[in-house]
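Step one of this worksheet: look at the structure below.
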Amino acid sequence: MATEKEIVVSGIRPTGYLHLGNYFGAIRNYVRMQEEFNCYFFVADWHSLTTHPDPKDLPGNVMRVLAENIASGLDPEKVSLYVQSDIPEIAELYLLMNMLAYVGELEKVPTFKDKVRLQPQNVNAGLLTYPVLMSVDILIQRAVKVPVGKDQGQHLEMARNFAQRFNNRYGNLFPEPVAFNYGDNLTRIPSLDGNGKMSKSENELATLYLADTDDQILKKIKKAKTDSGTGVVGSPMPESVANLLDLMKLVSAPDVVKFYEAAWNDQTIRFGDMKGQLGEDMVKFIAPIREKAKDLQNNTDYLKKVIKAGAEKARANAAQTLQEARRLIGIKYY
Numbered sequence: 004m005a006t007e008k009e010i011v012v013s014g015i016r017p018t019g020y021l022h023l024g025n026y027f028g029a030i031r032n033y034v035r036m037q038e039e040f041n042c043y044f045f046v047a048d049w050h051s052l053t054t055h056p057d058p059k060d061l062p063g064n065v066m067r068v069l070a071e072n073i074a075s076g077l078d079p080e081k082v083s084l085y086v087q088s089d090i091p092e093i094a095e096l097y098l099l100m101n102m103l104a105y106v107g108e109l110e111k112v113p114t115f116k117d118k119v120r121l122q123p124q125n126v127n128a129g130l131l132t133y134p135v136l137m138s139v140d141i142l143i144q145r146a147v148k149v150p151v152g153k154d155q156g157q158h159l160e161m162a163r164n165f166a167q168r169f170n171n172r173y174g175n176l177f178p179e180p181v182a183f184n185y186g187d188n189l190t191r192i193p194s195l196d197g198n199g200k201m202s203k204s205e206n207e208l209a210t211l212y213l214a215d216t217d218d219q220i221l222k223k224i225k226k227a228k229t230d231s232g233t234g235v236v237g238s239p240m241p242e243s244v245a246n247l248l249d250l251m252k253l254v255s256a257p258d259v260v261k262f263y264e265a266a267w268n269d270q271t272i273r274f275g276d277m278k279g280q281l282g283e284d285m286v287k288f289i290a291p292i293r294e295k296a297k298d299l300q301n302n303t304d305y306l307k308k309v310i311k312a313g314a315e316k317a318r319a320n321a322a323q324t325l326q327e328a329r330r331l332i333g334i335k336y337y
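Taking our numbering, the leading residue of the sequence shown gets 4, the next gets one more, and so forth.
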């Protein structure tokens with residue numbers, strides 16, 4: 004007898020452009036997961052409203068994120084791809100879970116503290132209860148696995164807490180979701196300026212986006228931070244050089260990586276040549292994703308069919324969860 008596949012849920016906000024870090028840190032794992040799990044992947048448009056996006060931009064941003072995910076390898080035939088706001092059951096369970104959330108614990112969430120510091124003029128209730136909605140995104144599908152990075156660990160812990168509180172108070176309904184990725188080491192994509200990792204918003208010139216043109220890719224890599232070398236054979240490799248080699252390991256042939264590692268070790272490295280090679284290999288990697296995403300964005304009828312089909316599947320599962328939650332709470336009068 005075939006066993007039912009475990010449910011995996013993950014979402015992405017429709018803000019900014021997807022970049023190399025999103026691909027290697029998340030999407031590549033999603034593509035692998037779609038073969039082994041029952042996957043629900045969504046665009047978190049409600050979450051984006053906390054920062055008040057321009058209504059004129061939101062539809063295009065949602066479609067672009069969907070197109071880039073499909074272009075990166077997600078198959079709408081294998082996963083449920085949907086938009087958060089197409090699942091009204093999420094909003095009702097969010098309301099119910101807010102009754103089990105406490106202001107004190109929400110105010111202590113590090114991401115809330117960061118938002119208060121960065122945007123003191125816009126500390127809205129949605130920011131405060133962001134972890135509740137994020138938890139509900141997971142719990143509404145009764146997911147058991149959630150692909151998250153280290154920075155999302157606390158939010159997942161809160162989802163586990165809400166599952167426990169509900170189950171203890173009303174009856175067993177929600178699995179306690181666990182963080183899941185293939186192996187312990189998530190790929191961290193270094194920024195080209197040597198400061199941290201690539202980001203959707205912080206330094207566009209130091210980030211390689213999946214929508215970048217060939218020329219933009221080559222120019223950004225040409226300006227990447229490097230080290231002049233020490234002239235001493237066997238010198239320790241500085242982080243800037245290691246960063247370029249890490250990028251090479253993702254898109255270049257193994258013999259090319261070995262060549263430049265050896266060139267550093269014997270101090271014959273030519274950074275202009277290294278950047279040129281990395282630029283060519285990066286263009287070969289990103290260009291097909293960019294072009295496919297562009298074609299998909301021009302085919303809005305297809306994207307609408309994808310999100311409609313995804314919403315139907317996601318809603319069917321969410322509706323069952325919500326009805327059972329209502330029954331357990333006692334909100335069922337006929």
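Glycine included, each C-beta is placed from N, C-alpha and C at the ideal position. These numbers were taken from a predicted model, which means no experiment stands behind them.
- Val-286 sits buried, since 16 or more C-beta atoms from the chains shown fall within 10 Å of its C-beta.
- Spanning the alpha carbons of Tyr-263 and Ala-312 requires a straight line of approximately 48 Å.
- The Cβ atoms of Tyr-173 and Leu-21 lie no closer than 8 Å to each other.
- By the neighbour-count criterion, in which a residue is buried when 16 or more other Cβ atoms sit within 10 angstroms of its Cβ, Ala-256 is exposed.
- Considering only Pro-291, Val-244, Lys-316 and His-50, the residue with the shortest C-alpha distance to Met-137 is His-50.
- Close CB contacts of Leu-325 within its chain, under the 8 Å cut and outside five residues either way in sequence, are with Glu-92, Glu-95, Leu-96 and Ile-143 (chain order).
- Contact fails between the region 111 to 127 and the region 58 to 78, because fewer than three Cβ pairs, one in each stretch, are under 8 Å apart.
- Of Tyr-133, Lys-228 and Pro-178, the smallest CA-CA separation from Ala-166 is found for Pro-178.
- DSSP places Tyr-33 in no beta strand (DSSP E) but in the uninterrupted alpha helix (DSSP H) bounded by 31 to 36.
- Rounded to whole angstroms, the separation of the alpha carbons of Asn-32 and Glu-38 is 10 Å.
- Looking at the DSSP output, Tyr-43 shares a beta bridge with Val-12 and Ser-83.
- Secondary structure at Lys-59: coil, using DSSP grouped into helix, strand and coil.
- Burial is judged here by how many other beta carbons sit within 10 angstroms of a residue's own beta carbon; Ala-265 has fewer than 16 and is exposed.
- Looking at the DSSP output, Tyr-212 shares a beta bridge with His-22.
- Its chain contains Leu-195 and Leu-208 as the residues whose beta carbon lies nearer than 8 Å to that of Lys-226, once the 5 sequence neighbours on both sides are disregarded; these appear in chain order.
- Within the same chain, Val-46, Ala-47 and Val-68 come within 7 Å of Ile-15 by CB-CB distance, once the 5 residues on both sides are set aside.
- Using a Cβ distance threshold of 8 Å, Leu-213 and Met-201 do not count as a contacting pair.
- Ranked by Cα distance from Phe-183, the options Pro-17, Asn-301, Arg-35 and Pro-62 are led by Arg-35.
- Under the DSSP assignment, Gly-333 falls outside any alpha helix (DSSP H); it carries neither an H nor an E label.
- Taking the C-beta atoms as reference points, Asn-41 is found nearer than 8 Å to Ile-10.
- In the displayed model, Val-135 falls within a helix according to three-state DSSP.
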